[in-house]
Structure formats: C-alpha cells, structure tokens
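Chains as they are written, first to last, in our numbering: chain F, 1 to 308; chain W, 1 to 290.
The block underneath contains the structure these notes are about, expressed in structure tokens.
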Amino acid sequence: MTAVISAVGLSKYYGNILGLNDVTLDIEPGITGLLGPNGAGKSTFMKLITGQMKPNIGAVTVRGRRAWNDPGIFRGIGFCPEPDAFYEDVTGREFLTGLLRLQGFPDAEADERAARALDVVDLAEARDRLIRGYSRGMRQRIKFAQAVAHDPEILILDEPLSGLDPLGKRKLIKLIKGYREQGRTILVSSHVLPEIEALTSRIVLIHQGKILAQGDVPYIRDLIESHPHQISVTSSDPRALAGRFIGDRSIQKMTFGEDGRTLVVETHKRDEFFGRLTQAVLAAGIEVDEVSSPDDNLQSVFEYLVEK
Amino acid sequence: MAVIREKGYTHWDGRLVERRFPWSPITRTGILLAFRKKRFKLVFAATFVPAFVFLVGLYISERLEDFKAMIQGSDRLINIGPKYFVSYFTNDSLLFMIALVLALGAGGLIADDLRHGSLQLYFARPLGKKDYIAGKMSVAAFFVLLYTAVPGLLLVIFKLVFAGSFEFFLKYPWLPLSVLGASLLLTVFFAFYIMLLSSVSKNNRYVFVLVFGVYYFSEILFNILRGVFRTPYTALFSIPANIKQVGAAIFGQAPPLAVPAVWSFAVLAGFCGLAAVVLDRKIRSVEVIK
Chain F
1 MTAVISAVGL SKYYGNILGL NDVTLDIEPG ITGLLGPNGA GKSTFMKLIT GQMKPNIGAV
61 TVRGRRAWND PGIFRGIGFC PEPDAFYEDV TGREFLTGLL RLQGFPDAEA DERAARALDV
121 VDLAEARDRL IRGYSRGMRQ RIKFAQAVAH DPEILILDEP LSGLDPLGKR KLIKLIKGYR
181 EQGRTILVSS HVLPEIEALT SRIVLIHQGK ILAQGDVPYI RDLIESHPHQ ISVTSSDPRA
241 LAGRFIGDRS IQKMTFGEDG RTLVVETHKR DEFFGRLTQA VLAAGIEVDE VSSPDDNLQS
301 VFEYLVEK
Chain W
1 MAVIREKGYT HWDGRLVERR FPWSPITRTG ILLAFRKKRF KLVFAATFVP AFVFLVGLYI
61 SERLEDFKAM IQGSDRLINI GPKYFVSYFT NDSLLFMIAL VLALGAGGLI ADDLRHGSLQ
121 LYFARPLGKK DYIAGKMSVA AFFVLLYTAV PGLLLVIFKL VFAGSFEFFL KYPWLPLSVL
181 GASLLLTVFF AFYIMLLSSV SKNNRYVFVL VFGVYYFSEI LFNILRGVFR TPYTALFSIP
241 ANIKQVGAAI FGQAPPLAVP AVWSFAVLAG FCGLAAVVLD RKIRSVEVIK
C-alpha cells in the first residue's frame, strides 16, 4: 500500500528541549494508533504532519506534498487538536459553519454540512446552544465534528477519546472505524493502550520523541508482557504468603515492605501470578487487605523499553 | 495479508468558493461576535454622536441662519470647509469613541484566540498567517471606516444637498479624496494599534486597559516633556497629537503644532511597522510547548 503520510528523519527542538528525534515513519490508509505517555512527542508529530510547525531537520509529505507552509493541504485533512480550542460565545452550529466557510464552502453548503456533522456526533439538539454551556464530552464531540465536517481524506485526531464517558467513547470509536471502512487515512493518538487497541491493530509506540516500536497489537502486547511487573500485596502475614511462592519460577524477586505487612513481588507473568495468589491466599487462610500494581502503567513500560 | 479497502466515500460534487479574500469568514465572525456584547451595542450607537453633531452644525450653517447665534463659539461646526472636516476627523471625542469601540469590540480578536488556543483551528484550514491577520484587522477596519469614511463622505454629500449647488464641490474638488485619506490614516493606525495590543495578552480586560493606557500615557508624556524641554517636537511622543498633525496636513491645513506633519506621519508609520513585526512573531500556528 502507498504511504499517504511520510516522515523522513524528522526532528523538532523547542530550544534545548527535544520534541521529536529522527522519526521516520510511513502512514498508510486505515487507522494508525500513536501510543505514548504524556510528553512523548505525539502532539508535536501531529502538528508537524499538519504543517503547523516547521521541522528543524527532516521533512513530512502528505500525499507527496510538503506539509510545512502549504495551507492548501488542509482541503484534504481534518485535524482534531487535543486542547479545547473554541470561541465560547458562538453556538455549535455557528462554530462549524464559520470553519466550513474558511474551507471555501458556500454559505448554504456550509450550513448543510454543519448540520450533518452535528448530527453525526449527536449534537443536533444542542446546535443552537453556546459552546460555553457544553459539557466536556460535548466539547470533545464538536471538536471531532469540525475535523470531519469537510469530508477530509485524512484525519489526524489528537487524543479524541479523552474526556468522553464510556458510551461516548464507544460511539466515537464506531464512528472512527466507519471512516476507516470508507478508505480514509486516520492517525489517532492516545496514552491509553486499550483505547488504541479498540480502534486499530496497527500501533506506533512513541516515547521521548523517538519511535520505540511499531507493529500490531500482539507484538506490542508481547513487548509489554516482557516488562517485569511489580505487584504489592498487603496482608496479615506476608512471610507466610511469600513461602507459598518460593518454588514459583515465574517470580523473579520478592521483597518485604518496611511496614511488615507488605510483600512486593516482581514477575513477568502477571496474570498467572494473580491466579496463584488467589489459590495461595485461600489455602493459607491469610487475610489480604490490598493488592496493587505500582508500576502497572504505560509510562513504566516505556521506561523499561528504553532501558532495554 | 493487508485488507484492501475500497474507497467508499464520495467527495462533494460542488465547487469550493474561490474567495478573493479567503479571510472574509474571519471578519464576518469577528463582527458578529462584537455585536453579541451588550455594552458594545450601546457604545457602537453612541459613537455616531460626533457625526450627528457635525451634521447638525452643517444643517444649521446652510439652512437656519437665525440659529447661528445659538451656537456662537462653535465656528468649527458651522464654517463648512476643510477645517470643518479636520475638526471632525481629529476631534478628541471621535478618537476616544473609536478607541472605546475597538477596545470593546476588537480587543479580544487575537487575545481570545490565544486564550482558547483557537489558532491551531484556523491554521488547520487552507489559510495562511497573512490571511488570519487580514481577517482580524478587517474587523477593526470595518468599525473605524464606519465612523470615519462613511460619515465623512455623507457630510460632503449633505453639504451639497443642503446648499443645493455644487459650488462647494467646485471650490474643494479634492475634499472627498482628503476624507478618504484621513479615514485611511485612522483606519490603518487604529487597526494596527488594536491588533498589537490584542496580541500581547490573553486577557481581554488587560487589553482594554492597555488600549486607553497607551493612548493617554503617550499624551501625558508629551505634555510632561513639553513642560520640561519647551519644544513642540515632544508631540511626536503623543498618539493623538500625531494624528492631529497628519490629519490637518491631509486637508491642506497648517498643523496645530510647529512640527512638520511628515515627522508625525513617520512616527505613526513606524508604529504600524513595529506592530506588524510583533504580530508576525506573536501569531504562531501552534503554541510552543513549554
């Protein structure tokens, strides 16, 4: 498949701070998920793709055209930025029609498209309310509506699911998948793996401005599984509990907390450990107060991958 | 194996409007938003008062000879000639009202975009930085022209109508051009002035204070320096004084102060140039991540 968006040796610095470092990436039609913790460089990458920032080194092309300083490419791109970016004193309908007019649509067509886009994101009833009165979820949806209202071939969505309730997320995921079925190219960023997983199997891992890995979900899952997990168990008798796991080969390390009630276990096979923990607790009759995974987040996985 | 998807969506068959001014929707929205503010509507209407007063003066001068005694001491209102127009375009009331209208209606043009982070939405359209600035400046220009060129030309027309002859026009055939020139001076200067101040803050109220603060501080500075140095050239520090100097020159009248009007023009032009540089630096498509 031909790459719709192509980045070659892309680097961006903010003074002494590295935003993006030597990123080379081809994005093809379908959904590509850009996964990384906050501050990883996802938004910087998206802004470079949309020509809103000039790369210090390297180049980005969209359909073969250089993205920087070419506003014309926006006829075919829909961009949904992460932060709220509205005038509060206009209604949802006015907001969309204004932006559609800037795209070059005549007034009647802009009105019609705005109504359609509002309908798509279930905001038809709130179309004449001021954006000031919109809830966080509604704001997220109207931001998405402005990205799709002009029917773009390429959609760049920066954290589109943040701030949505579970139902809203499901609807938006269905909608984005619908756009994929129409053959569009969609780049979605998130710092939440399950969100990206629900959208696509094609994932790019980004951290500290670098592309760490790219591949399908099983590959990324394997990478994450290879990360040793820490699990903390607070119980009435941590030493008795530890004795139950002495012979378990999946456990790499066990330490005791200073409070005398906590057992911290390090394992590569988290799910297996949880199964055995239940059995051990029942067999020994130990009272467990709390089970937690202090490093069970994407950030620690990335840190592990970087060290690796 | 990769799934081959058929391109299922269809593009719109109509034609996109090839706007000569792609920024015009920005101007339209800016004007619309200004009228959403209650205080603005009141001030907008009140700003026509100077034009109305001058129109009354013009009417009295032509039609009601007997009433001239009632407005003794107001020669500049009833002696219709270039001086009358200089008075209209450079009187303190009009300049104050223009500043007030712009502070209320246009102070947030860029400040609001900076506050709401809307710049990236504008620049996610087929629109350049120049288009953005032109669209925003046109909002300010619209209001200033409404208080300068429109009443100025109407006053010329009413003079001819009330006089019932073209004698006035034949005597001063260049006057309509001067009216347009003075309008252009005020429009360009105030548009740059409000754009500059709107771009230096994300807070609307702060911009409001700056509009009057800078304007009157320049006048106060002029008066203090004149007291100290005893030279009219300190007028070059004052925004209103420079406007009055250039305004008089546009209508072929002697400037109120003994300073060449071209110097005042250079100061105003320099200010606009500085504003353009600041705007170019301040308006970025995206905020730099800190």
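Beta carbons: idealized from backbone N, C-alpha and C, even for Gly.
Using a Cβ cut-off of 8 Å, pull out every chain F residue sitting near Leu-127(W), in sequence order please.
Going along chain F in sequence order, the residues near Leu-127(W) (Cβ under 8 Å) are Pro-71, Phe-74, Leu-102.
Output needed in chain order: residues of the stretch 75 to 95 of chain W with a Cβ under 9 Å from some Cβ in chain F.
The residues in question: there are none.
With a 10 Å radius around its C-beta and 16 neighbouring C-beta atoms as the bar for buried, classify Glu-167(W) as buried or exposed.
With fewer than 16 other Cβ atoms within 10 Å, it is exposed.
Quick check: the Cα distance between Ala-103(W) and Leu-197(W), rounded to an integer number of angstroms?
Taking the straight line joining both Cα atoms gives about 9 Å.
Please classify Lys-174(F): is it buried, with 16 or more other beta-carbons within 10 angstroms of its beta-carbon, or exposed?
Its Cβ having fewer than 16 others within 10 Å, Lys-174(F) is exposed.
Could you tell me the alpha carbon to alpha carbon distance between Leu-20(F) and Gly-41(F), rounded to whole angstroms?
Taking the straight line from one Cα to the other gives about 6 Å.
Can you tell me whether DSSP reads Phe-168(W) as helix, strand or coil?
DSSP places Phe-168(W) in helix when its eight states are reduced to three.
As an exercise, report each continuous beta strand (DSSP E) stretch of at least 3 residues that is fully enclosed by the stretch 181 to 226 of chain F, in chain order.
Those beta strand (DSSP E) runs which fall completely within the stretch 181 to 226 of chain F and span 3+ residues are 185 to 190, 202 to 207, 210 to 216.
Could you have a look at Asp-119(F) and say whether DSSP puts it in helix, strand or coil?
Asp-119(F): helix per DSSP, three-state reduction.
How is Met-138(F) classed by DSSP in three states: helix, strand or coil?
Helix at Met-138(F).
List the residues of chain F whose Cβ lies closer than 8 Å to the Cβ of Gly-117(W), in chain order.
By Cβ distance, chain F contributes Pro-81, Pro-83, Asp-84, Ala-85.
Tell me, which residues are paired with Val-23(F) by DSSP?
Answer is Leu-10(F), bridged to Val-23(F).
Would you kindly report the start and end of the unbroken alpha helix (DSSP H) that includes Ile-309(F)?
There is simply no residue 309(F) to check, as chain F begins at 1 and stops at 308 in what is shown.
Would you kindly work out how many angstroms separate the C-alpha atoms of Phe-245(F) and Ala-283(F), rounded to a whole number?
Going from the Cα of Phe-245(F) to the Cα of Ala-283(F) covers about 12 Å.
Going along the stretch 44 to 63 of chain F in order, which residues come within less than 9 Å of chain W, judged by CB to CB distance?
Correct list: Thr-44, Lys-47, Thr-50, Gly-51, Gln-52, Met-53.
Going along chain W in order, which residues have a C-beta closer than 9 Å to the C-beta of Val-90(F)?
Ordered by position in chain W, the residues that pass the 9 Å Cβ test against Val-90(F) are Thr-29, Leu-32, Leu-33, Arg-36.
Taking CB distances under 9 Å as the criterion, tell me whether Ile-26(W) reaches chain F.
Judged by the 9 Å Cβ criterion, Ile-26(W) is in contact with chain F.
Would you verify that the beta carbon of Asp-131(W) is, or is not, closer than 9 Å to some beta carbon of chain F?
Yes, Asp-131(W) lies at the interface with chain F (some Cβ there is under 9 Å from its Cβ).
Assuming Phe-143(W) contacts Leu-55(W) under a Cβ cut-off of 8 Å, what Cβ separation, rounded to an integer in Å, is found between them?
So it is not a contact: roughly 19 Å between Cβ atoms.
Can you grab the Cα-Cα spacing for the pair Glu-287(W) / Arg-65(F), in whole Å?
Low per-residue confidence applies at Glu-287(W): pLDDT is 48, beneath 50, and the placement is therefore not dependable, though the value from the model is reported in the following sentence. Those two C-alpha atoms are separated by around 24 Å.
How would you label Asp-113(W), buried or exposed, when you count the other beta carbons within 10 angstroms and need 16 or more for buried?
Label assigned to Asp-113(W): buried.
Name the residue from Ala-163(W), Gly-57(W), Val-161(W), Leu-153(W) whose alpha carbon lies nearest to the alpha carbon of Leu-177(W).
The candidate whose alpha carbon is nearest that of Leu-177(W) is Leu-153(W).
Please state whether the Cβ-Cβ distance between Val-139(W) and Phe-251(W) is less than 9 Å.
Contact flag unset, no.
Contact criterion: CB-CB distance below 9 Å. Does Asp-112(W) meet it with respect to chain F?
Chain F, which has a Cβ nearer than 9 Å to the Cβ of Asp-112(W), makes this yes.
Out of curiosity, what's the CA-to-CA distance linking Gln-140(F) and Ala-124(W)?
Cα to Cα, Gln-140(F) sits roughly 17 Å from Ala-124(W).
Do you know offhand how far Val-43(W)'s Cα is from Val-101(W)'s?
Distance between the alpha carbons of Val-43(W) and Val-101(W) is about 6 Å.
Shortest alpha-carbon distance to Ile-286(F) belongs to which of Leu-277(F), Ala-85(F), Ser-292(F)?
Ranking Leu-277(F), Ala-85(F), Ser-292(F) by Cα distance to Ile-286(F) puts Leu-277(F) first.
Are the beta-carbon atoms of Leu-187(F) and Leu-157(F) separated by less than 9 Å?
A contact, by the Cβ cut-off of 9 Å.
Let me see if you follow: with CB-CB separation under 9 Å, is Tyr-206(W) close to chain F or not?
With 9 Å as the cut-off, Tyr-206(W) does not count as an interface residue toward chain F.
List the residues of chain W that Leu-99(F) touches, going by C-beta distances under 9 Å, in chain order.
The answer, in chain order, is Pro-25, Leu-121, Tyr-122, Ala-124, Arg-125.
Rounded to whole angstroms, what is the Cα-Cα separation between Leu-155(F) and Thr-44(F)?
Computed Cα separation, rounded: 16 Å.
When you compare only the Cα positions, how much space is there between Tyr-248(W) and Ser-165(W)?
This sequence places Ala at residue 248(W); Tyr is not what is there. When rounded, the distance between both Cα atoms is 26 Å.
Curious, which full-length beta strand (DSSP E) runs of at least 3 residues does the stretch 142 to 179 of chain F contain?
Correct list: 154 to 158.
Find out if the Cβ-Cβ distance for the pair Val-214(W), Val-179(W) is shorter than 9 Å.
For Val-214(W) and Val-179(W), no; Cβs fall outside 9 Å.
Which of the three DSSP states, helix, strand or coil, is assigned to Asp-107(F)?
It is helical.
Just mark Glu-94(F) as buried or exposed, buried being the case when its beta carbon has 16 or more other beta carbons within 10 Å.
Flag for Glu-94(F) reads buried.
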